[in-house]
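Report on one structure; see the data block that follows.
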Amino acid sequence: MTRLIPLPDQKETLIVVGTSVRKPLPVLDAYLTSLAWQDVPKGVRFHYCFVADYPDPNDPALDHLRAWVAEHGGEVLMGGPTVLGDFTDHHAVTHQWSVDAMQRVGRLKNRILQRTVELRADAVFFADADLILDRTTVRSLLAASKPIACAVY
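Dropping the structure here:
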């Protein structure tokens with residue numbers, strides 16, 4: 002005998018939102034504020050997943066990140082050993098990345114992708130922690146109705 006079960010009238014879409022994080026508190030706070038003000042369509046739920054890449058486990062930005070995620074839902078994963086001096090934001094022209102830094106950040110973002118698979122999420126949204134996003138960013142990316150969408154700032 003086949004048993005029928007009621008279906009929800011609307012499927013919830015789960016989006017994992019995150020990135021690797023090593024930004025100072027003022028930059029991180031502005032970024033998190035812009036995530037919190039996103040105009041999220043009905044039926045969409047965020048699960049925040051950040052990988053902390055701070056060399057100092059007592060960095061106040063890390064405490065702020067943990068508190069923010071506790072309030073908004075999600076998790077903060079620890080990134081593992083961090084190398085000092087392999088990356089800098091303080092350069093006259095642009096960011097300065099070493100090969101090791103690019104590989105490390107790639108591994109950290111792969112952890113977020115793995116967590117996305119484990120959660121059986123519908124999508125992942127990577128946005129670097131030094132961006133301030135327009136409140137319609139997520140809505141416009143979802144409206145693209147494509148398997149991969151990006152926006153350049």
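Per the numbering used here, the sequence shown starts with residue 2, numbered consecutively. No residue lacks a Cβ here, since even glycine has one placed at the ideal position from N, Cα and C.
Can you tell which of the options has the C-alpha that lies nearest to the C-alpha of residue i?
i       : options                               : result
Ile-16  : Arg-140, Phe-126, Asp-131 and Ile-133 : Phe-126
Ala-62  : Val-28, Leu-36 and Gln-39             : Val-28
Arg-136 : Gly-74, Leu-36 and Asp-60             : Leu-36
Leu-78  : Leu-109, Val-100 and Leu-134          : Leu-109
Asp-129 : Ala-31, Arg-4, Lys-12 and Met-2       : Ala-31
Arg-23  : Ser-99, Leu-66 and Ile-113            : Leu-66
Asp-131 : Thr-138, Met-2, Thr-14 and Pro-25     : Pro-25
Thr-20  : Leu-5, His-48, Glu-13 and Thr-14      : His-48
Ile-133 : Lys-12, Ser-99 and Trp-38             : Trp-38
Ala-68  : Val-100, Thr-34, Trp-98 and Ala-122   : Thr-34
Classify residue i: buried if its beta carbon has 16 or more other beta carbons within 10 angstroms, exposed otherwise.
i       : result
Cys-151 : exposed
Val-106 : buried
Leu-5   : exposed
Ala-102 : buried
Which of the three DSSP states, helix, strand or coil, is assigned to residue i?
i       : result
Met-103 : helix
Ile-113 : helix
Thr-138 : helix
Ala-124 : strand
Leu-5   : coil
Leu-15  : strand
Ala-145 : coil
Report the CB separation of residue i from residue j in whole angstroms; it is logged as a contact under 8 Å.
i       : j      : result
Ile-113 : Cys-50 : 5 Å
Leu-143 : Pro-42 : 6 Å
*Identify every run of the alpha helix (DSSP H) within the region 21–99, keeping only runs that are complete inside it and at least 4 residues long; order them along the chain.*
You should have 26–37 and 61–73.
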